[in-house]
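**Student:** In this note's numbering, the protein residues as written are 1329 to 1561.
Idealized CB from N, CA, C, for every residue including glycine.
Dropping the structure in here first, questions after.
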């Protein structure tokens, strides 16, 4: 007999459903998000389990890793591509878990990519860096807004970004001391965050791809700007 597992994953619990080749329910239960507990509950069905479907939620890494570590074939469900039963007025976690197991049995499951565990850390770091880059843009816009609002001075984003060693050329426009301190703090904060990301990237030996190498070179430049800025405060 073959069995199929669907796991409706949430932040602190998971609803697990196991069905056979005729969609008969062999097991259904809500469990806390404890890897050992989940593995123990699956163990009696281990020999018959063809595959396990886990929803592609924000917190799927830990569960997929533990399942794969003990030899289960794991599929990551692309939830945005899954169409639920048409005309179904009400769904719950049990229905979702059973639907996942059925899609797996029918070989109709839209799957997401399970990114290699050893590369996720670098990807996460690059994501954080991109967030900081967006924060940098926000900081620049904030500085522009303050100077325009208080002094009717319009500076380009490029001028603000390239102000290393020439911060006074930006700060001189802020006549009010409090506004000047606000602009200065934003410049320091922005460069400090980018430097922090550089420190992590610098510790990574032998970047695995061209993107990492390019990012690393870019962060080296930002790192130099950071210390020049602090030196001249």
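Which class does residue 1352 belong to by DSSP, given the choice of helix, strand or coil?
**Tutor:** coil
**Student:** Take residue 1372 as the anchor and find which of 1383, 1388, 1355 and 1379 has the nearest alpha-carbon.
**Tutor:** 1355
**Student:** Assign residue 1336 to buried or exposed, taking buried as 16 or more other Cβ atoms, counted over all protein chains shown, within 10 Å of its Cβ.
**Tutor:** Residue 1336 should be labelled buried.
**Student:** Which class does residue 1379 belong to by DSSP, given the choice of helix, strand or coil?
**Tutor:** strand
**Student:** To the nearest angstrom, how far is the alpha carbon of residue 1483 from that of residue 1460?
**Tutor:** 22 Å
**Student:** Can you tell me whether residue 1399 is helix, strand or coil according to DSSP?
**Tutor:** coil
**Student:** Using the Cα positions of residue 1423 and residue 1432, report the straight-line distance between them to the nearest angstrom.
**Tutor:** 14 Å
**Student:** Given that a residue counts as buried once 16 or more other Cβ atoms are within 10 Å of its Cβ, and exposed if not, what is residue 1404?
**Tutor:** buried
**Student:** Comparing C-alpha positions only, which one of 1359, 1408, 1419 and 1442 sits nearest to residue 1389?
**Tutor:** 1442
**Student:** Whose CA, out of 1457, 1466, 1503 and 1378, lies closest to the CA of residue 1402?
**Tutor:** Among 1457, 1466, 1503 and 1378, the Cα nearest to that of residue 1402 is on 1378.
**Student:** Could you give the distance in angstroms between the alpha-carbon of residue 1392 and the alpha-carbon of residue 1470?
**Tutor:** 41 Å
**Student:** Which class does residue 1481 belong to by DSSP, given the choice of helix, strand or coil?
**Tutor:** coil
**Student:** What is the DSSP secondary structure of residue 1439, reduced to helix, strand or coil?
**Tutor:** strand
**Student:** Using only alpha-carbon positions, find the residue among 1434, 1428 and 1464 that is nearest to residue 1381.
**Tutor:** 1428
**Student:** Going by C-alpha distance, which of 1439, 1407, 1332 and 1468 is nearest residue 1490?
**Tutor:** 1468
**Student:** DSSP three-state label for residue 1344, please.
**Tutor:** strand
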